[in-house]
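Numbering (the numbering used here), first residue to last: 59 to 187.
Now the structure itself:
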């Protein structure tokens, strides 16, 4: 992934911009070589960690109802820019089971998916499309 100062992977949900021209409220950016964060009001409200291996693991954490659909989509798209997520790579994603929008966004990046729930966590497996 890129350094944290690389603005090529910085995205802001235009619907969260203040009308007075103030700084955006929600920003998605690389915060480490294997990490994507969504920051709103100076607080991290969502995060994705990518763990490389024979089966790449992508762990998502989202504060309850903290993301718009566009921000959620950008979080997933940015995580899938990780070098280890090449086409046909096996992936296991862990995420909150009640986040249907995040599940749908992940499925759009994967083929041959299977989903199961383990407590409050959803386990989604597939191949990078």
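The C-beta atom is built at its ideal place from N, Cα and C for all residues, glycine as well.
Looking from the CA of residue 88, the closest CA among 134, 148, 110 and 147 belongs to 134.
Contact between residue 168 and residue 186 holds, since their C-beta atoms are separated by about 6 angstroms, short of 8 angstroms. Within the model, the alpha-carbon separation for residue 174 versus residue 151 is close to 11 angstroms. Annotation for residue 125: 104 place their beta carbon closer than 6 angstroms to its own, counting only its chain and skipping 5 residues before and after.
If you draw a straight line from the Cα of residue 96 to the Cα of residue 84, it comes to about 6 angstroms. Contact annotation: residue 148 and residue 112 have beta-carbon atoms nearer than 9 angstroms.
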